[in-house]
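Numbering (this note's numbering), first residue to last: 28 to 413.
Cβ atoms here follow ideal geometry from the backbone N, Cα and C, with glycine treated the same way.
Following: one structure in structure tokens, then a few remarks.
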Amino acid sequence: MTTKLVSIIGVDSQVVSIMDKKAKIRTFKQFYDATRTIEQRMELAEKTKFNVATITNWAVQAELLRVDAIYPDLALDMMNAGIYSVKQLKSMTTKEVFELVKSKDVYSTITEDKIDKILKSSVRSAKAFEDESIRKHLVDEENSITAPTIYSDLSDMISNLGKGIAEAQLALDQSSIDIQNRILQDDLLYNMGLQATWYVMPEAEFTLKMDYAVSEMRDTTGQTLTSSISAVPSNATFNNIFKTEKREESTLKLRFVPIPAEDKKTKRIFMPDFSSFTSVEEIEDAMEQCGIENYIISPEGTDKYRDETIKVVDQSPEPHTLMLLDSEIPVVTVEKQKMKTVSTKPILLDIDHGKVPVPSLEEVLAGEIAKDTEDSDKKVEKGEVE
Numbered sequence: 028m029t030t031k032l033v034s035i036i037g038v039d040s041q042v043v044s045i046m047d048k049k050a051k052i053r054t055f056k057q058f059y060d061a062t063r064t065i066e067q068r069m070e071l072a073e074k075t076k077f078n079v080a081t082i083t084n085w086a087v088q089a090e091l092l093r094v095d096a097i098y099p100d101l102a103l104d105m106m107n108a109g110i111y112s113v114k115q116l117k118s119m120t121t122k123e124v125f126e127l128v129k130s131k132d133v134y135s136t137i138t139e140d141k142i143d144k145i146l147k148s149s150v151r152s153a154k155a156f157e158d159e160s161i162r163k164h165l166v167d168e169e170n171s172i173t174a175p176t177i178y179s180d181l182s183d184m185i186s187n188l189g190k191g192i193a194e195a196q197l198a199l200d201q202s203s204i205d206i207q208n209r210i211l212q213d214d215l216l217y218n219m220g221l222q223a224t225w226y227v228m229p230e231a232e233f234t235l236k237m238d239y240a241v242s243e244m245r246d247t248t249g250q251t252l253t254s255s256i257s258a259v260p261s262n263a264t265f266n267n268i269f270k271t272e273k274r275e276e277s278t279l280k281l282r283f284v285p286i287p288a289e290d291k292k293t294k295r296i297f298m299p300d301f302s303s304f305t306s307v308e309e310i311e312d313a314m315e316q317c318g319i320e321n322y323i324i325s326p327e328g329t330d331k332y333r334d335e336t337i338k339v340v341d342q343s344p345e346p347h348t349l350m351l352l353d354s355e356i357p358v359v360t361v362e363k364q365k366m367k368t369v370s371t372k373p374i375l376l377d378i379d380h381g382k383v384p385v386p387s388l389e390e391v392l393a394g395e396i397a398k399d400t401e402d403s404d405k406k407v408e409k410g411e412v413e
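See below:
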């Protein structure tokens, strides 16, 4: 689950600044604690001057984002599909959620696997969320003009534009990943040589005509102390603030270019079976041959085992598992194999019910040397030495 207030779609640094100044709300938790009931939402709207519909929109997203596995785009998709609370979400089946979201947005990246994880995911605790009047307020929002955020400088505007383009690129990539995974899992599609199409946005051109106001502060002598320029996209909501006329005119041009996919994205890769491997180097070579670039050999410091014999005690995923483009990073857990030691303790033989010690190798060698020396001495005494 997100912990940042700006993770709510529609909330940026300027909104957070207004929330902080007008309502002492700085964090994600403070916001969803302050928007649990219609009375709280109306009170916050009065303090911040954002309309109730906008506050309601953000409140529903915050409510859904209490679920650990839900990310901002998906929270927005669910809200647009008519899911307004965690309680409502948890009462639905995977199929119901999937069909509802897809019926409202066929381009949504939601999948039944993602919904399964969401329904099983933990939820941050909070007071009950009042969602009876949500639909009415969201319909009001659709029929009204939502006031945009006041941008204090051009850098905020550019950063928000860049964020929007990045999110669009992410959505394109995720869609291509989902399509390629379906191809990899289907023998017929894979054997036909089908590939997902990948897109990039190398260029973006944005033209915005804005209203602006120049203000300055002077002391009693007339000397200028400070001056500033405030800009806002043309909107009647703020005309009284800036003393301007409504002039809305903006242009956004994006260019989408298809690019060829890398071979490693279109070929099937299966997780090797490491159960019989006895060295870290063997594991690394097998990963490289399979085309798996990112993996973990656990525990840390296994590079010290390069000259040691190891034993693989666990691997994830299981051997021969098809590795999809969004699969988790493979993990191989190993342990250093201990060398067996030979005991030097004498062995006792039971001869005629008596314990007779068996000499060790050192004792046998020492005895042989002593015997050879004794035999040589005897030969010298007898004059038999050659």
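- Contact between valine 113 and valine 94 is confirmed by a C-beta separation of about 6 Å, below the 8 Å threshold.
- One alpha carbon belongs to methionine 46, the other to leucine 127, and they sit about 33 Å apart.
- Apart from the 5 residues on each side of it in sequence, serine 34 sits with its Cβ closer than 8 Å to the Cβ of Phe55, Leu92 and Pro99 in its chain, given in chain order.
- In the DSSP assignment, threonine 64 falls outside any alpha helix (DSSP H), carrying neither H nor E.
- Counting every other CB atom within 10 Å of its CB across the protein chains shown gives alanine 80 a total of 16 or more, marking it as buried.
- When the five nearest sequence neighbours on each side are left out, the beta carbons in the same chain lying within less than 7 Å of the beta carbon of asparagine 321 are those of Ile356, in order along the chain.
- Look at the stretch 284-348 and you find these whole runs of alpha helix (DSSP H), each 4 residues long or longer: 290-293 and 307-317.
- By the Cβ neighbour-count rule, phenylalanine 77 is buried, with 16 or more other Cβ atoms within 10 Å of its own.
- Within the same chain, Asn107 and Ala108 come within 6 Å of lysine 131 by CB-CB distance, once the 5 residues on both sides are set aside.
- With a cut-off of 8 Å on Cβ pairs, the stretch 282-289 is in contact with the stretch 223-230, counting three or more such pairs.
- Note on geometry: alpha-carbon atoms of valine 358 and alanine 50 lie some 47 Å from one another.
- For valine 113, the enclosing alpha helix (DSSP H) covers residues 113-117.
- The three-state reading of DSSP puts threonine 360 in strand, counting E and B together.
- Between tyrosine 111 and aspartate 60, the beta carbon gap of about 17 Å keeps them out of contact (Cβ cut-off 8 Å).
- In this structure, the alpha-carbon of histidine 347 lies about 7 Å from that of aspartate 300.
- Inclusion of leucine 352 and isoleucine 204 in the CB contact set at 8 Å is warranted, their separation being smaller than that value.
- By the neighbour-count criterion, in which a residue is buried when 16 or more other Cβ atoms sit within 10 angstroms of its Cβ, threonine 336 is exposed.
- As computed with DSSP, leucine 281 is found in a beta bridge with Ala231.
- Closest option to isoleucine 323, judged by alpha-carbon separation, among Lys331, Gln342, Ala86 and Thr305: Gln342.
- Straight through space, the alpha carbons of isoleucine 319 and leucine 199 are spaced by roughly 24 Å.
- By the neighbour-count definition (other C-beta atoms within 10 Å, threshold 16), arginine 68 is a buried residue.
- Going by C-alpha positions, glutamate 308 is about 7 Å away from arginine 333.
- Isoleucine 65 places its beta carbon 8 Å or farther from that of phenylalanine 58.
- Nearest to threonine 293 by C-alpha distance, out of Glu311, Asp104, Ile206 and Val87, is Ile206.
- When secondary structure is reduced to three states using DSSP, valine 94 falls in the strand class.
- Secondary structure of tyrosine 134 (DSSP, three-state): coil.
- In the three-state reduction of the DSSP assignment, valine 150 falls in the strand class, which pools E and B.
- Contact check for alanine 89 against threonine 62 passes: the beta carbons are separated by less than 8 Å.
- Contact check for aspartate 183 and glutamine 41: beta-carbon distance about 6 Å, within the 8 Å limit, so the pair qualifies.
- Taking the Cα of arginine 162 as reference, the smallest distance to any Cα among Asn84, Thr329, Ile36 and Glu327 is reached at Asn84.
- Residue range 99-107 is occupied by the alpha helix (DSSP H) that includes leucine 103.
- Serine 148 and alanine 96 have their alpha carbons spaced roughly 6 Å apart.
- Across the structure, glutamate 194 and threonine 305 are spaced so that their CA atoms are roughly 45 Å apart.
- Less than 8 Å separates the beta-carbon of isoleucine 296 from that of methionine 350.
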